[in-house]
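Residue numbers (the UniProt record's numbering), protein chains in the order written: chain A, 1 to 79; chain B, 1 to 79; chain C, 1 to 79; chain D, 1 to 79.
Before any comments, here is the structure.
Protein chains: 4
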Amino acid sequence: MSDSISAEQLRLFIERIERLEEEKKGIADDIKDVYAESKSTGFDTKTMRHIVRLRKMEKHHRDEADALLETYRNALGLH
Amino acid sequence: MSDSISAEQLRLFIERIERLEEEKKGIADDIKDVYAESKSTGFDTKTMRHIVRLRKMEKHHRDEADALLETYRNALGLH
Amino acid sequence: MSDSISAEQLRLFIERIERLEEEKKGIADDIKDVYAESKSTGFDTKTMRHIVRLRKMEKHHRDEADALLETYRNALGLH
Amino acid sequence: MSDSISAEQLRLFIERIERLEEEKKGIADDIKDVYAESKSTGFDTKTMRHIVRLRKMEKHHRDEADALLETYRNALGLH
DNA sequence: CTTCGATGTCC
DNA sequence: GGACATCGAAG
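Laid out in structure tokens, this is it:
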């Protein structure tokens, strides 16, 4: 019987994951749509993707700097 | 003036995309959480990922088979 | 001296890689040629690519013989 | 009858393609091996890939320049 | 740290 | 839409 319980649990986990992956795909499609709309408005999507990537990198670096600052503050007993 | 209008439009497109990418990342994190929970329940996540991938392929496979059948039907003048 | 040894080693690695990439490109071109020949014989290359893809997926599917995977698949009622 | 001839032709084309794809994959694996060996020798593979890409681009540009030169020579009736 | 899968870019 | 390279996760 515990086998069928495990099987049921497994099924539920798998289904949760598949549901989330569907949602993720939906959002990816939305992103595609925005790029398509931008393109039809006359923007160059390749350049736009470049900008998005750069901004993500910059954000990443800012976050790293913040984390480092936090580390230092903690090391110094500040809060 | 039209330059600043374009710049504003571009900014809005970029922000919509960045918003959607945030959401996408949130869902990706949710998926990670489900795998972590599965793992702590005793399941092997590597195998689970395998299953998810296979089921996706099988679904894809079924869809392709349907499309191929359609191609053949059209080639034969059936509808 | 060790610098020039490293530089020489690096050069050799790069050249091996470039040689292999040339070979790979040659084969990719051969594949293109076969599709072109098929097309001129009257076959629809899009459908052919479809078939090649399906067969690859089926092969992949058949190669999945892992016991744990099998267990999970059974638990989910897959076969 | 012509159907079975076509079917046989198709099968042969598909098999040639699959054979070539196997070869291509083998070479791709060889390339991976060289990178792995380079890495274990202490080289940074990311940088190496960068170099390979740059050299390919440079070669591409040289080839383009050569083609242009050839065009000019032909236009001028030189050989 | 290394392998592998997923994502994104280029053609 | 397909092939390829890069990036990031997972073990």
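Every residue, glycine too, gets a C-beta built ideally from N, C-alpha and C.
At a cut-off of 8 Å between beta-carbon atoms, Asp30 (chain A) makes contact with chain B. Contact check for Ile31 (chain A) and Ile17 (chain B): beta-carbon distance about 6 Å, within the 8 Å limit, so the pair qualifies. Exposed is the label assigned to Met57 (chain D), since fewer than 16 other Cβ atoms lie within 10 Å of its Cβ.
For Leu54 (chain D), no CB of chain C lies under 8 Å from its own CB, so it is not counted at the interface with that chain. If you draw a 10 Å sphere on the C-beta of Leu76 (chain D), you find fewer than 16 other C-beta atoms in it, and that means exposed. Taking 9 Å as the upper bound on Cβ-Cβ separation, chain A lies near residues Tyr72, Asn74, Ala75, Leu76, Gly77 of the UniProt domain "GapR-like DNA-binding" (7-77) of chain C.
Contact between the stretch 39-46 of chain C and the stretch 41-51 of chain D is absent, with fewer than three C-beta pairs closer than 8 Å. Ala28 (chain D) is a Cβ neighbour of Lys24 (chain C), given a cutoff of 8 Å.
Leu76 (chain A) carries a coil assignment under DSSP once its states are collapsed to helix, strand and coil.
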